[in-house]
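Here is the structure we will look at.
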Amino acid sequence: MIKYIGQRVIYMIITLFLIASMTFFLMKLIPGTPFKNQAKMSDEQLEMMLDHYKLDEPVPVQYVAYMTNLVKGDLGTSYQFANTPVSELLGARIGASALLGFQALLVGTVFGIILGVIGALKQNTWIDYGTTFIAVIGKSIPSFVFAGLLQYYVGVKLGWFPVAFWKGPEYTVMPTIALAMFPIAIAARFMRTEMVEVLGSDYITLARAKGANYFEIAFKHALRNALIPVITVLGPLAVSLMTGSLVIEKIFSVPGLGEQFVKSVQVNDYSVIMATTLLFAFLFIVVILIVDILYGLIDPRIRLAGGKK
Amino acid sequence: MKKSKFSLLLVLTLVLSMFLAACSGGDKKDEAATDNDSDAKGSELAETQEITVLESAEIPSMDSVLAEDTVGFTMINNVNEGLFRLDQEQNAVPALSDGEPTVSEDGTVYTFKLRDAKWSNGDTVTAHDFVYAWQRAIGQETASFYGPYIMSGVIKNAVQVNAGELDVNQLGVEALSDNELKVTLEKPVPYFTALMAFPTFYPQNQKFVEEKGADYAKNAENLIFNGPFKMTKWDGVAATEWTLEKNEEYWDAENVTLTKINYNTSKDPQAAANAFEAGQADVTPKLSTPAVISQYEGDPRLVTWLEPTEFWLKLNQENEALANKNIRFAISLAFDKDALVNDILQNGSLAANYAVPAGFVKHPETGEDFREANGDMNTFDAEKAKEYWTKGLAELGVDKLELNFLGGDTETSKTVDAFLKDQLQNNLPGLTINLESVPFSVRLDREDTQDYDILHAGWGPDYPDPMTYSDLWLTGGGHNKMSYSSAKYDELVKSAQGELAAKPAERFEALQEAEKVLFEDAALAPTYQRASNVLVSDKLEGFTYHIFGPEYSWKYAKLNK
Numbered sequence: 001m002i003k004y005i006g007q008r009v010i011y012m013i014i015t016l017f018l019i020a021s022m023t024f025f026l027m028k029l030i031p032g033t034p035f036k037n038q039a040k041m042s043d044e045q046l047e048m049m050l051d052h053y054k055l056d057e058p059v060p061v062q063y064v065a066y067m068t069n070l071v072k073g074d075l076g077t078s079y080q081f082a083n084t085p086v087s088e089l090l091g092a093r094i095g096a097s098a099l100l101g102f103q104a105l106l107v108g109t110v111f112g113i114i115l116g117v118i119g120a121l122k123q124n125t126w127i128d129y130g131t132t133f134i135a136v137i138g139k140s141i142p143s144f145v146f147a148g149l150l151q152y153y154v155g156v157k158l159g160w161f162p163v164a165f166w167k168g169p170e171y172t173v174m175p176t177i178a179l180a181m182f183p184i185a186i187a188a189r190f191m192r193t194e195m196v197e198v199l200g201s202d203y204i205t206l207a208r209a210k211g212a213n214y215f216e217i218a219f220k221h222a223l224r225n226a227l228i229p230v231i232t233v234l235g236p237l238a239v240s241l242m243t244g245s246l247v248i249e250k251i252f253s254v255p256g257l258g259e260q261f262v263k264s265v266q267v268n269d270y271s272v273i274m275a276t277t278l279l280f281a282f283l284f285i286v287v288i289l290i291v292d293i294l295y296g297l298i299d300p301r302i303r304l305a306g307g308k309k
Numbered sequence: 310m311k312k313s314k315f316s317l318l319l320v321l322t323l324v325l326s327m328f329l330a331a332c333s334g335g336d337k338k339d340e341a342a343t344d345n346d347s348d349a350k351g352s353e354l355a356e357t358q359e360i361t362v363l364e365s366a367e368i369p370s371m372d373s374v375l376a377e378d379t380v381g382f383t384m385i386n387n388v389n390e391g392l393f394r395l396d397q398e399q400n401a402v403p404a405l406s407d408g409e410p411t412v413s414e415d416g417t418v419y420t421f422k423l424r425d426a427k428w429s430n431g432d433t434v435t436a437h438d439f440v441y442a443w444q445r446a447i448g449q450e451t452a453s454f455y456g457p458y459i460m461s462g463v464i465k466n467a468v469q470v471n472a473g474e475l476d477v478n479q480l481g482v483e484a485l486s487d488n489e490l491k492v493t494l495e496k497p498v499p500y501f502t503a504l505m506a507f508p509t510f511y512p513q514n515q516k517f518v519e520e521k522g523a524d525y526a527k528n529a530e531n532l533i534f535n536g537p538f539k540m541t542k543w544d545g546v547a548a549t550e551w552t553l554e555k556n557e558e559y560w561d562a563e564n565v566t567l568t569k570i571n572y573n574t575s576k577d578p579q580a581a582a583n584a585f586e587a588g589q590a591d592v593t594p595k596l597s598t599p600a601v602i603s604q605y606e607g608d609p610r611l612v613t614w615l616e617p618t619e620f621w622l623k624l625n626q627e628n629e630a631l632a633n634k635n636i637r638f639a640i641s642l643a644f645d646k647d648a649l650v651n652d653i654l655q656n657g658s659l660a661a662n663y664a665v666p667a668g669f670v671k672h673p674e675t676g677e678d679f680r681e682a683n684g685d686m687n688t689f690d691a692e693k694a695k696e697y698w699t700k701g702l703a704e705l706g707v708d709k710l711e712l713n714f715l716g717g718d719t720e721t722s723k724t725v726d727a728f729l730k731d732q733l734q735n736n737l738p739g740l741t742i743n744l745e746s747v748p749f750s751v752r753l754d755r756e757d758t759q760d761y762d763i764l765h766a767g768w769g770p771d772y773p774d775p776m777t778y779s780d781l782w783l784t785g786g787g788h789n790k791m792s793y794s795s796a797k798y799d800e801l802v803k804s805a806q807g808e809l810a811a812k813p814a815e816r817f818e819a820l821q822e823a824e825k826v827l828f829e830d831a832a833l834a835p836t837y838q839r840a841s842n843v844l845v846s847d848k849l850e851g852f853t854y855h856i857f858g859p860e861y862s863w864k865y866a867k868l869n870k
């Protein structure tokens, strides 16, 4: 197991290096400069600014400089935010995104799994159709529509929760619900399909023949086996939830990463683009590793390569 | 095995209970707050002079020499102060300057006497603070954008100092004593006192700035104030909320009514309107979406004003067809601007038939708006457009044309540009428009290299003078970028920059004359002049917006019951 994880960590570092390199060169292909007021700059001033930030050097030279700093742990400074270190920017923003993503993931998984299991157990009844309907709605309504409706009816009309902003636990409720709709739908659909399949398999029939209790079968035997595909999709989904959603953050004024990332790409804020990309890539790789390890825990039949009893 | 099943169940229950706990309670305070607000109305002052304002962006910088965006300028304008300040009618009035300055005969030397004012740490604001800030703004190592941009050609030696050819001490600003500041200009600048209301020209406390070093202006603790308010909470550039409180040390504190302004960011117009409706905000950011604005039509809480920001189609004369004057005439007359502002934008914007915006600058003697004398110079006329078009095509010896149209990638840009494409193609038979919607930075880049045929671009001024629009179209000018060149135009604008600088009325008229030349040449196809729309609580009196530089001044505002 240790050896396996060690191997994976080395691959991770190589992957991150490749991602960093590719992103750097691709990003430099985007025309334009990171200067917000470029339209008002004279040619001389533009030249001076490019020189000041060493952006007039050839891209490979900039690349070597960036990678050297990166290895030293220096992520550079932001252009759009008056030379603020990128690490400070991300540090200030990641908390809200992570909390919101975590809550949405929990709510989404729990409700999704419950809906999926109920649907499977009550297959082809109105309960099943009802849960499927909820899942389809959750997947097909764009989040800005759902979040907008939620904000207007629950926030403005009913006044149950604050309409927007980020000042305490009650402020996280509506964005969490809005963000959880998608994971609920995904988890419910996968869970239902997989449960139906597992419930139809031989060992379940055997267990029923032995006279085992209905709920015992469902939860002891079927649920565990049906969880595998759900975990497979939820891993990457967790990363995208916890790194922030542009739409939800905009509508509920959440100080998260999603909006910052999109904006940095739009305004050529190079160091922010690099740092957020690397952060997302890193989380993604880590989550995939965790998912792989989880497989083994949930289903003993799956053994990790290189792992020995 | 048993353990893992149990723990799974445990997690499920935990999550459920957490979620339920989060759902209940916690929201009652807000309801109470909104109920209190809606009590008896009248012009009596409210007991708590506290408001909540929404901004559409974070503050990228609170360092007055580095700031280059509206939110930053607005905050700096409210917590700091320069020689002049914009009043409620957009006029620059003496602030730290004790009355109007004395101006030399030739209009190039201004001497300001400073009033007694204090920094929030108790230091006196001196003339040296201005010298320090201005030198910092122009110095190469600061790499400020606005310093060189706004000082070049105005403050003596600014260009040379910025280029490193002259020492920073050679900049035309000098402290004659602690409370006397002498400014030397390159040439007479009629709008100079208005420039003094621009944050780049505000003073900075040298001792404080140097003591803080790299931490200066990083957050509220590393800031110092001399304006109507103090920033008491701001965690730095990533913060989405911050707070201003009344500065009791401010020289004019008795005329400041608000005691506290809470800021939040809200980047979605509908969400901002929702927060406003729910009583979570007294002022929204500028609302750009017609769908949101139309909900408030006729509502006194919707405040609309015309900005001096104008948009136009630039016609790149490097393109053979666009080098033809008749083709340019045809394009500039071929789209219905009234339909554009009334049906597409629906936000109070004006159809622009001119190059210098309306409601922006007045004749120095008659007080008439720039537009009064020149009027509409480029009105939509499909018939005439077609005539020019046929003539132009004949001159070029072709019967159809294909042109690239470069526009922005925001929702508004895309809708507007699609409309323009449709209009142009419908009214000019044989024309094919290839519309490209690209991000702002890409558009700038392609404008710079003139990699376009038609470009939808705009311009917003930083100071109240027609020159900010007129010098755009000089031959080879840094912003021309469409290869327009007219000896007559250059002559008029250059005379206004040079020998007429000391004759404000003649200078103004020369620039009006120049605008006529621009349209005789059909150099430009203006589209619209933008309007701003914000929601303002009906209890807030003295809400003051500005049309250049900082966006709002809260010094004049008060909250009624």
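Residue numbers (the numbering used here), protein chains in the order written: chain A, 1 to 309; chain B, 310 to 870. Where a beta carbon is used, it is the ideal one built from N, C-alpha and C, also for glycine. This structure is a prediction, so every number in the text was calculated from the model and none was measured.
- B/N389 sits away from B/S862, with the two beta carbons spaced by 9 Å or more.
- Judged by DSSP secondary structure, A/V265 falls within the alpha helix (DSSP H) whose first and last residues are L257 to Q266.
- Apart from sequence neighbours up to five positions away, the residues of its chain that approach B/S658 with a beta-carbon distance below 7 Å are V650, Y837, Q838, R839 and A840, ordered along the chain.
- When the Cα atoms are used, B/D774 and A/L18 turn out to be separated by approximately 52 Å.
- Secondary structure note for B/L844: it is in no alpha helix (DSSP H), and the uninterrupted beta strand (DSSP E) holding it is L833 to L844.
- Against B/G701, chain A offers no close residue; the least beta-carbon distance is about 30 Å (beta-carbon pairs closer than 8 Å).
- Contact between the segment 395-407 of chain B and the segment 444-452 of chain B is absent: fewer than 3 CB-CB pairs across the two stretches fall below 8 Å.
- Remark: C-beta atoms of B/T598 and B/G767 do not approach each other more closely than 9 Å.
- Within the segment 689-728 of chain B, the runs of alpha helix (DSSP H) at least 4 residues long that lie entirely inside it are, in chain order, 691-705.
- Pairing A/A222 with A/F133, the inter-Cα distance amounts to about 23 Å.
- When DSSP states are grouped into helix, strand and coil, B/M540 belongs to the strand group.
- By the Cβ-count criterion, B/E860 is buried, with 16 or more other Cβ atoms from all chains shown falling within 10 Å of its own Cβ.
- With fewer than 16 other Cβ atoms inside 10 Å of its own Cβ, A/Q7 counts as exposed.
- With a cutoff of 9 Å on beta-carbon distance, A/G101 and A/M242 are scored as near each other.
- The beta carbon of B/F510 lies closer than 6 Å to those of G391 in the same chain, with the five residues before and after it left out.
- Taking 9 Å as the CB threshold, B/H788 lines the interface with chain A.
- For B/A584, the C-beta contacts it makes with chain A under 7 Å involve V163 and A164, in order along the chain.
- Closest in C-alpha terms to B/M460, from the list B/F501, B/E822, B/L715 and B/A691, comes B/F501.
- With contacts defined by Cβ atoms closer than 9 Å, A/M12 and A/L289 form a contacting pair.
- At a cut-off of 9 Å, the C-beta of B/T574 has a neighbouring C-beta in chain A.
- Taking a cut-off of 8 Å for Cβ pairs, the segment 135-144 of chain A and the segment 206-220 of chain A do not touch, as fewer than three such pairs fall below it.
- Going by C-alpha positions, A/G112 is about 32 Å away from B/P578.
- For B/V546, the closest Cβ of chain A is nearer than 9 Å.
- Using a CB distance below 8 Å, no part of the segment 712-726 of chain B faces chain A.
- Look at the beta carbons and you see the segment 608-623 of chain B touching the segment 751-764 of chain B: at least three pairs across the two are nearer than 8 Å.
- Within chain A, the C-beta atoms nearer than 8 Å to that of B/Q589 come from P162, V163, A164 and F165, in chain order.
- A/S42 reaches chain B at G787, counting residues in chain order whose Cβ is nearer than 7 Å.
- Counting along the chain, B/T420 sits inside the beta strand (DSSP E) bounded by residues V418 to K422.
- Per DSSP, reduced to three states, the secondary structure at A/P34 is coil, with no helix or strand assignment.
- Under the 8 Å Cβ criterion, the segment 271-278 of chain A does not count as touching the segment 166-174 of chain A, having fewer than three qualifying pairs.
- Membership of B/F620 in the beta strand (DSSP E) is indicated by the continuous run L611 to L624.
- Taking B/F728 as the centre and dropping the five residues before and after it, the same chain places the C-beta of L649 and I653 closer than 7 Å to its C-beta, in chain order.
- Considering only B/V601, B/S486 and B/K465, the residue with the shortest C-alpha distance to B/D476 is B/K465.
- For B/F507, the three-state secondary structure derived from DSSP is coil.
- Our two residues, B/V843 and B/Y854, have alpha carbons roughly 10 Å apart in a direct line.
- Using a Cβ-Cβ cut-off of 8 Å, B/S750 is close to I30, P31, G32, T33, P34, Q38, Q266, V267 and N268 of chain A, given in chain order.
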